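The structure under discussion appears below in the form of C-alpha cells.
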C-alpha cells in the first residue's frame, strides 16, 4: 500500500511537469505581452526603449528556454516568483486568497453532499413516484442553471424580498464566524447546488442497484428495521460510486468558484485567476494553473485511496 | 462501405432509431423528457435562424429614451441600461450560443474521434505518447483550460470557439479510443488490411463509421456544456465582446449593478441559458440511452 501511494505521488511529477511546460509555452506564443498591455492601459505613448527596459526588469528579454528552466528551478524550491502585474510575491498573493476559496470549496462540497445523499436515497426508495420525479427534475435543473446566474438570482431575491444584500467585504471565520457564514453560505449554495446535481443522480442509481441485492432482501426478510436496511446495508454499500462522482466532479466545483466569486465580489483564487488572465500576468497564471491542476490530480488520487478504505476488497499493488 | 462493416453496424448498434423514417416521433413518444428537449432545440434553432423576423427591435440599437423599461406592451421582456430590447437581444443571443455550441462541439468531437481512432489503430509508442498528452490536458478542469486558451488567443467569437474546442478534444479522444480498441481486433479491419487498404482508408472507411454511436453521444453531451462554457466566458468578460448579443454577456456588469432596479435584465438571459442547456442535456441523455446504455462519459 505504501509503495502504491509513493508510486502514485511520484507519477504526479511528470504530469505536472507536462502541465507546466504546456502552460509556459502556450502563454508565450500569444502576441502582445504584459508590458504592452500596461502601457496601452496608461494611454501614453511609450518609446520602445521604455518597453524594453520594463521587459528586461521582468526577465522577458532572456531566451525562453532560460526563462523556463529558471522558473522550474524556482518551483522546486517552492519559489513561484513575483507577480508581473503587482510585483508582489505570488505565494503571498495566493496565501491571502486561499483561505476564502478553500472555505468556499469545503462549504460547497458539504452543501452538495447534504443535498445529494438524502435526496438521491429518497428518490431511489420512492422510485417512480412523484417524489422521485421531483428530485430528478431538481437535479436536472441544477445541471442546467449556471452557478453565476443562480448567484445573481439569490442576491436578487434578498434585495427584493428583504431589502438586504449579503455583505461584500470578507470577514475571516476566525474573527467573526457568524458574519463569515452569513456571507459565504450563499455562494456555497449556488455552487453546491450545481455540484450536487450529478451526485444526486449517482446516489439514486447506486442505491437502486444495491436495493436489488440479495443481502438487502435477507436483511428485510429477517425483519430488520427499514431504517437499518437503508442506512447500514444499502447506503454504506452505495457510498463508493457516490464518492467517485463527488471526486470526479471536483472540476465542476473549481469552475463554479471561478464564476461565482465574480458575482459575490469575493476576492478569492478564482477572481485572481481571471484577473491574471486579463492582465496577461504570465507568472501568476502559470502558478495558478499549476496549483489548480495539482489540486485536481491530487483529488483524483484521494478518491482512489478512499476507495480502498471504503471497500476492503480493493487492494492496490 | 463494405458489406461486413454495414452488417457490423446493423448488428451492433441495436437502436439507431434516429435514422429510421418516422423514428423522430418514436423517439419523442418513448422518451418524453428527451422529446421535450428535442422540441426546445428545434424551436431554438428556428428562433436563431429567423431572429431577424421575430425580433421586434434591432438588438444593437441604443435607445436612451427607453432605459430600464419594465416588461410591458412595447418591450415584452423590458430594456437594458442602454435601452436595448431584452427580448431581441435574447433572440439574437441564441445565434451566438448555438453557433459557438455547434462549432466547438463539432470540432472538438471530430478531432477527438480522429485522434482516438488513430491511437487505437496505430497503438504502440505513438498511442502511448498521445495518451500522456491527453492525460496532461485532462488534468486541467474544463473552464481552466478554456481560460488558458483565451489568455493565449484573446477574446472574440472564433477564439471562444477555439477555447471551448480544445478542452473537448481529450475527453472525446478518450471515449472514442476505448470503443475503437475493440474494433482494431475485428475481422473486417484485418481483411481490409490484407486487401492492401492504406492506413487512412482503414481508419476513415472502416473504423470511424463504427464509432458513430459514441461520437454522436459525445457531440450532444458537449453541446450543453459548450453553451454553458460560452456563457461563463462571456460573463467573465473573456468571451464574446460587446455589443454582440450573447446571453452570458447580458448578465455581466449592468445586470448585476442594477439588479434591484431592473431585475428582468438579469432574469431572462439566465433563463434562456438554463433552458438551452436543459434541452441539450436531456436530449443527449435520451440519445445515449437509445444508442448505447452502457457508455459512461468522463
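Chains as they are written, first to last, in the numbering used here: chain H, 11 to 327; chain E, 24 to 321. All C-beta atoms in this analysis are idealised placements derived from N, C-alpha and C, irrespective of residue type, glycine included. Computed from a prediction, not measured in an experiment: that's the story for all the values here.
Measure from the C-beta of residue i to each C-beta in chain E and report whether the shortest distance is under 8 Å.
| i | result |
| --- | --- |
| residue 40(H) | yes |
| residue 116(H) | no |
| residue 201(H) | no |
| residue 295(H) | yes |
| residue 237(H) | no |
| residue 144(H) | no |
| residue 253(H) | no |
| residue 156(H) | yes |
| residue 68(H) | no |
| residue 169(H) | yes |
| residue 13(H) | no |
Using a Cβ cut-off of 8 Å (strictly closer), state whether residue i contacts chain H.
| i | result |
| --- | --- |
| residue 151(E) | no |
| residue 197(E) | no |
| residue 182(E) | no |
| residue 274(E) | yes |
| residue 117(E) | no |
| residue 85(E) | no |
| residue 44(E) | For residue 44(E), the predicted model reports a pLDDT of 49, less than 50, meaning its position is unreliable and no value from the coordinates is stated. |
| residue 164(E) | yes |
| residue 286(E) | yes |
| residue 283(E) | yes |
| residue 159(E) | yes |
| residue 176(E) | yes |
| residue 124(E) | no |
| residue 293(E) | yes |
| residue 69(E) | no |
| residue 154(E) | no |
| residue 227(E) | no |
| residue 66(E) | no |
| residue 127(E) | no |
| residue 306(E) | no |
| residue 202(E) | no |
Relative to the C-alpha of residue i, which candidate in the options has its C-alpha closest?
| i | options | result |
| --- | --- | --- |
| residue 193(H) | 164(H), 170(H) and 63(H) | 164(H) |
| residue 226(H) | 252(H), 180(H), 271(H) and 135(H) | 135(H) |
| residue 286(H) | 58(H), 241(H), 92(H) and 203(H) | 92(H) |
| residue 291(E) | 248(E), 136(E), 271(E) and 198(E) | 271(E) |
| residue 292(H) | 11(H), 39(H) and 139(H) | 39(H) |
| residue 309(H) | 284(H), 268(H), 259(H) and 325(H) | 259(H) |
| residue 108(E) | 179(E), 96(E) and 252(E) | 96(E) |
| residue 256(E) | 205(H), 206(H), 283(H) and 209(H) | 283(H) |
| residue 118(E) | 172(E), 147(E), 306(E) and 73(E) | 73(E) |
| residue 68(E) | 233(E), 114(E) and 190(E) | 114(E) |
| residue 105(E) | 301(E), 305(E) and 273(E) | 273(E) |
| residue 302(E) | 103(E), 121(E) and 92(E) | 121(E) |
| residue 102(H) | 294(H), 320(H) and 324(H) | 294(H) |
Using a Cβ-Cβ cut-off of 8 Å (strictly less than) and excluding sequence neighbours within five positions of residue i, which residues of its own chain qualify?
| i | result |
| --- | --- |
| residue 174(H) | 168 |
| residue 44(E) | Any reading at residue 44(E) must be qualified, since the residue scores a pLDDT of 49, below 50, and its modelled position is unreliable; no value is offered. |
| residue 230(E) | 140, 143, 144, 203, 206, 207 and 212 |
| residue 311(H) | 18, 19 and 22 |
| residue 251(E) | 296 and 300 |
How should residue i be labelled, buried or exposed, when 16 other C-beta atoms within 10 angstroms of its C-beta is the threshold for buried?
| i | result |
| --- | --- |
| residue 286(E) | buried |
| residue 149(H) | buried |
| residue 67(H) | exposed |
| residue 247(H) | buried |
| residue 127(E) | buried |
| residue 37(E) | Note on residue 37(E): pLDDT 41, under 50, position unreliable in the model; the coordinate value appears next. Residue 37(E) comes out exposed. |
| residue 200(E) | buried |
| residue 212(H) | buried |
| residue 62(E) | exposed |
| residue 13(H) | exposed |
| residue 223(H) | exposed |
| residue 137(H) | exposed |
| residue 308(E) | buried |
| residue 88(H) | exposed |
| residue 76(H) | exposed |
Leaving out five residues before and five after residue i in sequence, what residues of the same chain have Cβ atoms less than 7 Å from its Cβ?
| i | result |
| --- | --- |
| residue 266(E) | 83 |
| residue 79(E) | 108, 110 and 111 |
Can you list, in chain order, the residues of its chain whose CB lies under 6 Å from that of residue i, leaving out five sequence neighbours each side?
| i | result |
| --- | --- |
| residue 278(H) | 107, 110, 111 and 271 |
| residue 134(E) | 192 |
| residue 214(E) | none |
Review point. Of all the beta strand (DSSP E) runs that stay within the bounds of the stretch 119-186 of chain E, which reach a length of 3 or more residues?
Key: Listed in chain order, nothing qualifies, since the stretch 119-186 of chain E has no complete beta strand (DSSP E) run of 3 or more residues.
Practice item. May I have a chain-ordered list of the alpha helix (DSSP H) segments no shorter than 4 residues that lie completely inside the stretch 120-165 of chain H? Key: Qualifying alpha helix (DSSP H) stretches, in chain order: 140-154.
Review point. Hey, which unbroken runs of the alpha helix (DSSP H) at 4 residues or more fall wholly within the stretch 19-94 of chain H?
Key: Assignment of alpha helix (DSSP H) within the stretch 19-94 of chain H, counting only whole runs of 4 or more residues, yields 44-52, 58-68 and 74-86 in chain order.
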